[in-house]
Each structure stands twice: as C-alpha cells, then as structure tokens.
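Visitor: Sequence positions in the sequence shown follow the UniProt record's numbering and run 1 to 420.
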Amino acid sequence: MLHAYRQHVRENLLLAMDTLRTHKFRSFLTVLGVLIGTTTVIAVTSIIAGLDKQLVDVAEQFGTRTLWVYKLQMGAPHAMTREERLRKPLTYEDAMAIKEQSPSTSTVSVELFRELGEFGLPPVTARYKGQNMLDALFVGVTADHLRLINATLGQGRFFTETEDLHRRDVAVIGNGIRERFFTHEDPIGKSILVDGHQLEIIGTLTKFKSFLGDDQNDKAVLIPYQSFKKAYPEAKDHFICVLVEPGKMDQARDEVTELLRRRRHVKPSEPDNFGVSSAELVIGQFRQLIATVGLVMVVISSIGLLVGGIGVMNIMLVSVTERTREIGVRKAIGARRSDIVWQFLLEAMTLTAFGGLVGILVGWLLSVAIRTFVPTLPSTVPVWSVVAGFSVATSVGLFFGLWPALKAARLDPIAALRHE
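(1) Could you have a look at Arg337 and say whether DSSP puts it in helix, strand or coil?
(2) By the three-class DSSP mapping on this structure, what secondary structure does Gly196 have?
(3) Is it true that the CB of Leu112 sits closer than 9 Å to the CB of Gly130?
(4) Tell me which same chain residues have a C-beta within less than 7 Å of the C-beta of Tyr92, skipping the five on either side of it?
(5) Apart from the five residues just before and just after Thr142, which ones in its own chain have a Cβ nearer than 7 Å to its Cβ?
(6) According to DSSP, is Leu398 part of a helix, a strand, or is it coil?
(7) Nearest-angstrom Cα distance between residue 453 and Glu270?
(8) Beta-carbon separation of Phe344 and Val320 under 9 Å?
(9) Should Gly37 and Gly397 be called a contact, given that it needs their Cβ atoms to be closer than 9 Å?
(10) How would you write the range of the alpha helix (DSSP H) that Thr257 sits in, first residue to last?
(11) Between the segment 282 to 300 and the segment 26 to 46, can you find at least three pairs of beta-carbon atoms closer than 8 Å?
(12) By alpha-carbon positions, which one of Leu306, Pro413, Val392 ends up nearest to Gly334?
(13) Where do the N-terminal and C-terminal ends of the beta strand (DSSP E) with Val141 fall, by residue?
(14) Leaving out five residues on either side along the sequence, give the residues of the same chain with a beta carbon under 7 Å from the beta carbon of Gly156.
(15) On the three-pair Cβ rule with 8 Å, is the segment 27 to 35 touching the segment 345 to 359?
(16) Alpha carbon to alpha carbon, what distance is there between Ile283 and Ser277?
(17) Please check the pair Gly363 and Val41, which I expect to be a contact at CB under 8 Å, by giving their CB distance rounded to whole angstroms.
(18) Exposed or buried, which one is Val368 when buried takes at least 16 other CB atoms within 10 Å?
(19) Look up Asp237 in the DSSP assignment and give the residues it is bridged to.
(20) With 16 other CB atoms within 10 Å as the buried threshold, where does Val69 fall?
(21) By the 10 Å Cβ neighbour count, where 16 or more other Cβ atoms means buried, how is Lys219 classified, buried or exposed?
(22) Once DSSP output is grouped into helix, strand and coil, what is the label at Met1?
(23) Rounded C-beta distance between Val194 and Ala126? I'm assuming under 8 Å.
(24) Would you kindly report the start and end of the unbroken beta strand (DSSP E) that includes Gln216?
(25) Can you give me the C-alpha to C-alpha distance between Asn175 and Thr105, rounded to a whole angstrom?
(26) So the beta strand (DSSP E) Ile223 belongs to, where does it begin and stop?
(27) Which class does Arg180 belong to by DSSP, given the choice of helix, strand or coil?
(28) Taking the DSSP output, what are the residues bridged to Gly156?
(29) Report the three-state DSSP secondary structure of Tyr92 (helix, strand or coil).
(30) What residue does the beta strand (DSSP E) around Val170 start on, and which one ends it?
(31) Where Leu366 and Pro378 are concerned, what is the direct C-alpha to C-alpha distance, given to the nearest angstrom?
(32) Identify every residue that forms a DSSP beta bridge with Thr66.
(33) Arg323 and Ala409: beta carbons closer than 9 Å?
(34) Just confirm the distance between the C-beta atoms of Thr66 and Leu148, as a whole number of angstroms; I'd bet it's less than 8 Å.
(35) Note down the Cα distance separating residue 425 from Gly154, rounded to an integer number of angstroms.
Structural data, given as structure tokens:
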C-alpha cells in the first residue's frame, strides 16, 4: 500500500517536472514573484539576525549587571529640547550617594568629560612622535572603572586609588591608539600628548566588541578622575556606572531612580531629568525596532508571494486549458479525480518550491556579499528563516494551485477528448 502510494506520487512528480522543463521561460516568469519574496525574507532576516547578535555581544561586554546613569535619556539622536539643554549635570556626589545609600549596588564608578554636546562627546587630539589621532576620547575615571565595564588589560596595569588621589599624570589607552602609535614598540612608560596634556602610559586595553563599525572606546585615553579635574577644573558632565548585586537589577534601578529624583528635586508629577539604562533595556529597545522592520519585511515579501501565487494560478489555469485532451485521455484509461488533482498540485508546488530554493540561494549570496563588502554590517542566515522561506513558498503553490487542480479534476472525460 505504502509502496503504491510512493509510486503514485513519484509518477505525478515526474509529470510535473516534465511540464516545467517543456516551458522553462514561462515557468521562470511565473515564479519570479515567489523568488523575490523569498529573497527579501532571507536577506533582511540575515541582516537583522546579525545586528541582533552583534548588539547582544556588545551590550553583554559592558556587563549584564551594570546600570548606566547619565544626564540625557538614551535613544535615537535628536535636537535637544530647552529643558534638556538647561538640565543640570550629574555630580560626583550623586555617584557617592548611590554607592552609600543603595543596598542593591556593589560598586560605583564615575566617568568625567569636558562637556557633553548635543551630538555626544567631543573628540580630542592625541599626539605621539609627530603622529596625530584627531578623534580620541579623553575621559577621567575612578580606579575601579575597569571592573564595571568588563574591559581587559592588554599590557601593563590600571591606575590605583592612590594615583587618583594624588592626581598623577598617568593614562591607560585603548587598543585603537596602541595600534595607531605603537605598532612596533612597547607603549608602557612612553609619554603621549592628549589635548595638550603630557601623560605617561601605564597600561593598554584589548579591543572592544563593536556595533556597526569601530567602537569609540578603542580610541579612549583613560586618566584618574582627580587628574582630569586638575586638567579641566570646569568639567562637570559625569556619567555614572553602577555594578549591581546578582539578581537585583530591577531593585537597584528603582533605588537609583528614587534616590536621584530626590537629590535632583524632581516633583512626583514630573518625568525623570536623567537617564538610567542597562544592557537588557538597550537590547529590548533594539528588538522593538527589529519588530517594526520585521513587519515591513513581512508586508514586502507578502506582496511578492501574492504576485507569484496569482501568477502560478493563472499559468496553471492556462495549462489546464492547453492540456484538456491529455486530462481526458488520463481519465479514460482509469485516472481518478485525486490523481488529476495531485498532478496539478504537485506541478504548482514544484514551481513555487523551485522559486523558493532559488530565492534562498540568492538571499544567502546577498548575505555573503554584504558581509564581504560592508564588514560593519553583520549578516548571518538563521536556519529557521531558510525553513520558513521554503515552507511558505511551497504553501503558496499548494494554495494557489488548488483551484486549477480542482478545475482539471472536474473536467468531463468525453468533452475533454473532443477538445481541440
């Protein structure tokens, strides 16, 4: 019984393949919509999956137990409102209050910048032996900063609390600066000029994971907090990093928010005049964006699949008309209605499955091309997208091929044999 069924399906599949070979160009035009729809699904999904993995890697590098506190809320770049421009900066005292009054926090570190502009941190110039780096990042940090950002020392050491207290002119540089100035020599003990300040290098950091390009942290020059205050007495823009006790992220976020609202005299009816974020929140915000992009992708690919499905249905109806006499002969020698239905359904499904396979191949090639020619835009084809693309393409053939198949099966064999 099972053998007979397999033989039956095989015969119908061979008939379908023979028909497709006979009308190659027509078959290709018919499945073009399915091909485009499937290609869109694979290509866009590969980019989204790659971006998601890269963002998760970068966010987790900075710590799944770390809260980031800053003057402005995180989000898409925008022109600052008047309230944001007038918003008072966070202070060193705010950080110490969090450290002392928030029981869910383990350690607190502070970053200090010259100024926080409307479009981010201002770059400075770093110089060494006549070479310049015009977009270095100059930051003053406390001695336990390395622990909070999950950074790794490549060479040397980080500065101590004593060096911070005594305002030593020492620095730890990012991997980008090391590669720029010290490709062929050991940077430890060398002096570097940053924004006019002479600093002794005591350590280097390994390369940070990046999201859509180079990470600015690789171009960082980190010096003790008090040394930065000595160099820039007017500096007031603080960024606070909070290391949270295991399993207490939500509790710590609430404690920090409540404490800062109280210290910054925010009324109960007013929104926060500061931002608190974490790796989890950043990933969540990005995935909301992914959901929107995914919805647009579904709409675009659905249009292609719908056009392809209608094309398949039309060409199958034409095929039924052209092969009316053949259908009559098959029925006359004993073919059942189900045989005719399966013959045309398999033909339609073979058409769209072929379009789906070609679409998957083209989408994969696009993904490889993107990864090759635009290295900053990651792309990886997840297995589920291949399975989904092929399944949907085949289902389009099943759905849109049903009417022509039923129409063929209902033909009267006598009338069909008389058809010219």
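Every residue gets a Cβ at the ideal spot worked out from N, C-alpha and C, and that includes glycine. Bear in mind the structure is a predicted one, so any value in this text is a computation, not a measurement.
Guide: According to the data block:
(1) helix
(2) coil
(3) no
(4) Val110, His238
(5) Ser109, Val110, Asp164, Tyr225
(6) helix
(7) Since the displayed the chain opens at 1 and closes at 420, residue 453 lies outside it and no answer follows.
(8) yes
(9) no
(10) 249 to 263
(11) yes
(12) Pro413
(13) 131 to 141
(14) Ile188, Ile202, Gly203, Thr204
(15) yes
(16) 10 Å
(17) 7 Å
(18) exposed
(19) Phe113
(20) buried
(21) buried
(22) With a pLDDT of only 49 at Met1, under 50, the local geometry of the prediction cannot be trusted, and no value is derived from it.
(23) 5 Å
(24) Unbroken run through Gln216: none, as it is neither H nor E.
(25) 30 Å
(26) 220 to 224
(27) helix
(28) Gly203
(29) helix
(30) 170 to 173
(31) 12 Å
(32) Leu243
(33) no
(34) 6 Å
(35) Since the first and last residues shown for the chain are 1 and 420, residue 425 lies out of range.
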